[in-house]
Each structure stands twice: as C-alpha cells, then as structure tokens.
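Counting in this note's numbering, the first sequence runs from 44 upward without gaps. Input: a single structure, listed below in structure tokens.
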Amino acid sequence: MSHSDNRPETDPDRYDFEALQDKWRSRWQEERLYATGSEKGRPKYYILEFFPYPSGSGLSVGHLRNYVPTDVVSRMRRMQGHNVLHPMGWDAFGLPAENYALQQGVHPSVTTADNVANYKRQLALAETSYDWDMEINSSEPDYYRWTQWFFLLLHERGLAYQAEGYQWFCELCGTVLANEQVENGNCWRHEKPVSKKKLKQWYFKITEYAERLLDGLGDVDWPEHIKLMQTNWIGKSIGTEVDFQAEIPGSDEKIPLPIFTTRIDTVFGVTYMVVAPESPVLERLVSPEQKAEVDAYVEASRAKSEIERTSTEREKTGVFTGAHALNPLNGERIPIWTADYVLAHYGTGNVMAVPAHDVRDQEFALRFDLPIRTVILPPGNAQAGEGVFTEPGVMTASGDYDGLTSRAAIDRLNQDVEKLGIGKKRIQYRFRDWLISRQRYWGAPIPIVHCDKCGALPVPKDQLPVVLPKLIEYKPSGTGKGPLATVPEFLNTTCPGCGGAAERETDTMDGFACSSWYFLRFPDPKNDEAPFSEESSRYWLPVDLYVGGAEHAVMHLLYARFWTKVMHDAGLIHFDEPFARLRNQGMVLGADGQKMSKSKGNVVTPDSVVARHGCDTLRAYMLFLGSFETEVAWSDEAISGIARFHRRVWDLITADRDSSGEAEPAVLKELERQRNRAIKKVTQDIDSLSFNTAVATLMEFSNAMTSAVASPGVAGSDAWQQSVESFLLLLAPVSPYLTEELWERTGRREARGTIHRQNWPTWDEAALVAAQLTYPVQINGKIRDRIEVPAETSADDIKAIVLERANVKRWLEGKEIAKFIVVPKRLVSIAVK
RNA sequence: GCCGGAGUGGCGGAAUGGUAGACGCAGUGGACUCAAAAUCCACCGAGGGUAAACCUCGUGAGGGUUCGAAUCCCUCCUCCGGCACCA
C-alpha cells in the first residue's frame, strides 16, 4: 500500500486537507448544514458556551478547548435525531471592550465589529457548527433594548433600588472601578491601591433571593465545587440578633445597640463591644474626651486599602469610644470600642466581643488589655484548656444556663430573648446586593429619568431603547459621573410623570446584566415585540448543556440564576434554573507549562495549527489533549500523532483491495465485536464529555480494522463494509472534512447525502462478548496463571480447569483453599492458607 | 487559617473494587532507501534471570478494610484553585 504522503501532489487520491476544506466548506454553507433543528416530534437539545467577549487578541487554541468539544456534542446530537440549538453571540458591552478601544484610540463600536469579524473567521477555521442566523450582540440596540426592559421589570418588582454606597475609586484612572477590576486591593491597570468613594448607585436586590439561590443548587447537574463556591459566596449563617443598651455619654439616654451572633451561648462571656468605624451610630456614642481620637481613627481606616484592612496577618487596631453598654442578659456594664476588624456591612455592624471563645476578639483583648472570661468548657472537661476554645461545649459561669450544651443553650436563649422582647433568631447572608451602576460609557444606559418634582422614574417601556449616543470623547471623567453626563442631548429630556424638564440617568449597566439573560434571546434572536416569545422559551429552555471556564463560578452564574428566578416569578418563563447541566473545560497552557500570553510568546493560534495540520487534526487533537475538565499543556510534537492517525484512516479507506475469497468466520466475528464496542464506547464517551477516550477508541477500532482487513476475504465482506460505515459515522463529529470526503469516495454520499445528517450508529450488546475469554488466575492476590475458555463456560467448569493447571497446582501444593471465587467474564481468585 | 481538587512510566494520559500503564508522544532495534525524510514491523515501568519460563518491587508516604485497592477508610506530605477578620 502506498502512503498518501508519498503520492505526488497531482495525485487526486492523495490526502490533501486543504483541498477538502475548500471543497466542503462552501457546499455545506449552500446546504445550510448547521441550521437550527425545527422538525416536529424530535427531542430538542440546547447546547451553549459562556457568552464570549470578543477580545482584540483573537482566539488561541485555549478558547477552542471550549468550542470544539461542544461542537462535537452538537454534531452527535444532530445525528441522533435531536433538534439542536447551538448558537454563538458576543458579550460586547463592558469595561474590557471599552478599555481596549481606549487603548487603540478607536471607538468601541468599531473595535467590537472588527473583533467579532476576526472571531467568526477563526471559529470557521475550526468548523464549529454554529447557526449564524441566531447570532446576537449585546451592544446593539435590538439587544440592549431588552436588557433595559429587564431592568424595568426588576424595578417594577421592587428589586432595583438606588442607594448611597462606597465604591472603589482609582485616583490615577480618575474613575470608579468595578469590583472585578480591583485585584488584591489594587487597580488592575495601575497596580496601585484603590480607596472608596461614596456615591449614589443602583443595586439589584439579589439578597432577597438568597434562600432560593441556595435551594436551586439541589436541582441542577453542576460540578460540586461550583455549587460549593456559590453556597460559600452566599454564606448563610443562622444566629441571633440581640439588642444591647448603649449609654449615650453625658446624658441619661440609652439607645439599643443590636448585634448579630451565631454563638448566643457565649453571651455571658462578653467583656466589651465593637462598632464598625463606618457605622452611623458611632457618632452618637463618642464621648467628648474621645472624639479627637475616634475621628482620627475613622479617617485612617477609610484611607486604608482593602488589603491592609482585611489582612488577618495585621495586628488589630481600635479605639475606645468613651461609651458603655449593658448586657441585657446579665446587666453587666461593658466598654464600647470601634475597630476596623468589624465590618459595617455584615450583620448589624456591631459585635459583642467574647475574647475567651473567638480568635479575633481574643487577639484584640490581649492587645488592649481587656478582660477574658471563660463561659464554655470543652465537652467532658471541667477545666478550660489553653488558648481560645471556639468549638461548641458546655456552659459555665452563665447563671441558670450552666451545664447546658451549646446547642441546647442556643435554642433556649433564642426563645428567651424573644420572650423578653430583646431579640430573636435570625438568618444572615454574607453576600451583598449587586451593584449595577457603572460611571462608564460602553454599556446599556440605565432607563431612568430624574425629575426634581417626581423623583427617579422609569422610562416607559414603549420608549425603549434609551439609545447610547455615539460619543467621540468617552474617557471616564473622574468626577464620579459617567461620560454621558457631558452630552446635553442625551442628558436633557422630559419627565414621563409631569412632562417637565428632567435629566436622564447617566450611569450604564454592568456588563453582567447583558449576560444574565442572553441564553433566553438565542432561540428567538430577531423578536422585536418582546425579549423572546413564550413559545421559543418553552420549547428550547432550559439550556441542556452549558460549558465554560470555572472563573465565572460565582459572578455570571449567580446573576443569571437570579434573573431567571425573577422572570419565573413574573410569569415569563416556565423554569427557574437556567442551566440544567454545567461543565467547566480545563485551561490550555503553553508548551512551556505557563499560561498562554503574548508577553511570554507561547500563544498557539488556530490559524497556525490549521495551516500546518488542517482543521480536522486541530479538532481531534484538542479532544485528545487530556481529559476535558483538567488543565493541559499544548504540545507541538503530540499533535503529529493525530495527523498520522488521519493519514492512516485515509489510506485504510481509500486503498484498492482484493475483495475475492472467503473470510474466516472468527475474524469477522472479532471485527463485529470491535465495531460494536467502538459504537458503544464513543457514544457514551461523547455523552459524558470524555473526548480523549472517545478518540482513543476510534484509534483502537481503526487499528483493529487494519489488522482484520489484512486477512484474506475480509475486504469483500459485509462486516468490512459495516465497519467502514460505522467508523466514518463515529469519526464524523470529530473530523468533519475527512469523513465527508471518504463518505463520498466510498459511494455513500451520492446515494444518501451528507454524512453529517446520517443516523448515529447503534450497538448490539450481544455482539460485545468475545468467543474466547482469558481469565487471569489470582492466588492470594497475585496473578499466577491465565486460562482461555469459550465465553459460555460455567463457573464450575472453570474451577475444574483451573485446578488441573500445572502452574496453579504448584502454588497450591501443601496449602488449603480457603476461598475460590470466579467473577464471570473477569477473573478467578483463590485464597489459600 | 477555612473549604475544595489533584498526585499513576521519560512525557500527555487510561483504568472509580477485578489482568495497572489503554491510546498517543518521545526513545531503541529492524525493513524500505545510495542516503535522509515519510511509512511499515518489533520492543519500550524498575530490578533479578544468558534467554524463555518465571520471580520480586511498583499508582506521593505510612497504616487499615477485602479473596482482590490507583480506586474505599484513617493519618501525613506536596502542588493547584477558591474564600479570607462575615462575628
């Protein structure tokens, strides 16, 4: 057999991947091969990748780690008779896009259009089977009109509100930053510490959905670690809120000072209290003597970077306020301090400090010489041990409660404080409402009008979209107001309430708003009456398989779930979890084991790989690299193995063979077994996203075919034709060009049309059993012999055969058999004494 | 500090209670060739054994459960990821 590479370039039978790509790409386009399925009576399959931001640097093979595997699943599902929706669109609004445009000195609408065109060109190189009729772009008015519509829906439902809040501010940028632009307390562009500035901003009340966001995680097939990250992020704590009484210095007045604690059983060990420096009550508690010191402390904590503020390494700081409080359970009078280890936004912003049973309180107490009183003993110990005891235990020095376990005491105290009217059991969440305002240009304008008389009013829905004007100058102003505030024709409008002069809101929405609903738009992307039709969402949603990087574990995936639940409550959709099955692809590192980056010069692009090895080889190699969910390094050498595999396949199928003669039945039966095994394994592997083993199985099957066809008569057999057919079908989702060409060359396309619309092959379980089975024989766990027997041999017969074997006898000599185990189709195990 | 994930040949990785190392890369030997590339065939965890047979060891370390453990349980080590004063 001659090899294709040895064939002259003019030989039409040579494997020429470029010629195949040119030939089939245009034909497939004409045939609309990737159109979204719409045939009645078929099951649907909606497969989606995380909404990509089309970055200026284009795609590397790392991105294909997501796009190629999902494409393979889509292709298999189409062949399995599903109506498949596999769309692609662009998360084009947002800070990265705006910053890229600023850096290029070109308008973001222009850079976005260029970047999108480049992404589409590169995705075409990998022949990902998107239906481009479904394409969407979040920065276009057709789309963001509906993002604004959803803002109004949230507003209507009381889930969007405006509040004063401290927000990250970078002096060097002269602007407010988003949380995600603050890395370890530094501005992402300047690597300089950021501080906080107080601004009036828009928030979404995601915390109202905390409990349902937790509950919903039980219903979805997601990686456990992602669910866990969301659970931790939401941070549910069950505890008690109790009012202590604070004495106002210099008067007889007392005000309630509420605290939140998860350990009300330690309440008899409180020796001081702490109020957060930003807490509004602080002002009233400060005595004249302490005022200067407290003011200086509050000022200093505000100026501190977040990294200094929250580092647990740092020594604790704080100042006495001059005020005292009364412990409502024992009447004790204790000092009130302010310290920045207490966070204003969590709980009540005040804490009862129990230095004997809390690490932080103890550290503080030791530093400032405050008393430490043990009130919990380790279970079973009458004496307190060394250091801080933070576990539940048994109460002591706690009056009537002595001797109760922490658990019992918490229940009783919860009831008691409620009876006394000084507090009650309460649930506290760690996460906060979603700050959605951005004082930046490149985003969906928040559809609100501010009127002096009527206040903040929503723009009527029929006036949407509020169009983002095309500004030339869109740099952040640094005033804390967005660039839109400088555009009179945008800013000035009439009030939808009273018709008088009014101003538009000039903040734009966080980019995560756009990606919180895009999966609903894809089934119905051109609808101009509504964000989507009820019919389209009822048929296609929820998303059956959602694939993207683990870095979005909390942000996007939590926001999208929140919006989905709101829409469900508004009666717009029939489900309340958007993504039934979620998987994270692993990253592709450069050949040097480092993250791919321009500066390291280790970026591999699809362009270079396709030019060198062709699309099919790139695709198959992306799958073969390693298991889908783990990180892998690119290798320029290993890809040659896939290139060889494709050439061998070409030769195997195109070779001229002598088809005369009668084949041996055993050879044909073994070929049939290999064929059925491959169908089963490849089908199951693609379903479970084990693409690397699917490709390995195809290699094994082609190796088995190569050795089978070397036997006389096999080439002319039906079994051989069946194997060729099944093999091509199984390989089709992985290597679409090669298989289509071979499908045509073996005469199948003319009769039956494209390989990509054929039925996926099915297997016969009965054909999977080999005629002869080899049983290893273990004696005390070590393999001492092997026997080959017909598959149907009974366990008793196997036992008899094994006992007659010389090797076995040798190991059994003088020993007693304790156990004799025959595991059908697997092995024989003997335990001897 | 807390939570999670992972440690298997020279390398990427298979195997989730049943023959450890499938499949591939690299390597070694051979065939073809004037030669090289490509291709094809064979070998390819470590040690012992002239070789075959066969034996011993071997999935981060140590212990346990089991006829049988990479896989399950306990203790520890290393690496990676997330959260990080959340009361």
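Note that the Cβ used here is the ideal one computed from N, Cα and C, for glycine as well.
Can you grab the Cα-Cα spacing for the pair residue i / residue j, in whole Å?
i, j, result
"residue 403", "residue 317", "12 Å"
"residue 325", "residue 531", "42 Å"
"residue 562", "residue 451", "48 Å"
"residue 382", "residue 298", "20 Å"
"residue 290", "residue 455", "28 Å"
"residue 423", "residue 446", "11 Å"
"residue 540", "residue 133", "36 Å"
"residue 329", "residue 409", "23 Å"
"residue 406", "residue 494", "51 Å"
"residue 47", "residue 58", "Here the model assigns residue 47 a pLDDT of 46, short of 50, so the residue's position is not dependable and the matter cannot be decided."
"residue 139", "residue 458", "52 Å"
"residue 746", "residue 766", "12 Å"
"residue 251", "residue 611", "15 Å"
"residue 85", "residue 122", "12 Å"
"residue 826", "residue 819", "6 Å"
"residue 314", "residue 362", "15 Å"
"residue 469", "residue 638", "45 Å"
"residue 189", "residue 576", "13 Å"
"residue 756", "residue 692", "20 Å"
"residue 45", "residue 687", "Confidence at residue 45 is low in this model, with a pLDDT of 37, below 50, so its placement is unreliable and the value that follows should be read with caution. Rounded to whole angstroms, residue 45 to residue 687 spans 14 Å at the Cα level."
"residue 876", "residue 851", "14 Å"
"residue 537", "residue 502", "10 Å"
"residue 598", "residue 412", "42 Å"
"residue 83", "residue 578", "14 Å"
"residue 380", "residue 461", "27 Å"
"residue 473", "residue 335", "33 Å"
"residue 98", "residue 529", "28 Å"
Please report the Cβ distance between residue i and residue j, rounded to the nearest whole angstrom; I am assuming they are in contact, meaning their Cβ atoms lie under 8 Å.
i, j, result
"residue 773", "residue 741", "6 Å"
"residue 102", "residue 162", "6 Å"
"residue 371", "residue 285", "7 Å"
"residue 558", "residue 94", "5 Å"
"residue 804", "residue 729", "About 12 Å separates the two Cβ atoms, so there is no contact after all."
"residue 511", "residue 488", "6 Å"
"residue 479", "residue 553", "5 Å"
"residue 582", "residue 66", "Not a contact, Cβ separation roughly 35 Å."
For residue i versus residue j, is the C-beta distance shorter than 8 Å?
i, j, result
"residue 419", "residue 309", "yes"
"residue 307", "residue 283", "yes"
"residue 179", "residue 565", "yes"
"residue 270", "residue 260", "yes"
"residue 623", "residue 263", "yes"
"residue 518", "residue 482", "no"
"residue 649", "residue 63", "no"
"residue 246", "residue 560", "no"
"residue 108", "residue 633", "no"
"residue 776", "residue 70", "no"
"residue 201", "residue 244", "no"
"residue 273", "residue 601", "yes"
"residue 663", "residue 738", "yes"
"residue 625", "residue 265", "yes"
"residue 865", "residue 841", "yes"
"residue 393", "residue 302", "yes"
"residue 779", "residue 177", "no"
Identify the residues that DSSP records as bridge partners of residue i: which are they?
i, result
"residue 280", "471"
"residue 589", "91, 625"
"residue 570", "In DSSP, residue 570 forms no bridge with anything."
"residue 238", "212"
"residue 818", "830"
"residue 264", "624"
Segments of 3+ residues assigned as beta strand (DSSP E) that fall wholly inside the region 449-495: 466-472, 491-494
Beta strand (DSSP E) segments (min. 3 residues) lying fully within the region 182-209: none
Secondary structure, alpha helix (DSSP H): runs of 4+ residues fully inside the region 317-372: 325-328, 334-346, 349-353
Continuous beta strand (DSSP E) assignments of at least 3 residues falling wholly in the region 381-407: 393-396
Length-filtered (4 minimum) alpha helix (DSSP H) runs lying within the region 672-722: 682-697
Runs of alpha helix (DSSP H) wholly within the region 506-552 (minimum 4 residues, chain order): 531-534
Every unbroken beta strand (DSSP E) inside the region 120-189 [3 residues or more]: 126-128
Uninterrupted alpha helix (DSSP H) stretches inside the region 739-780 (no shorter than 4 residues): 761-774
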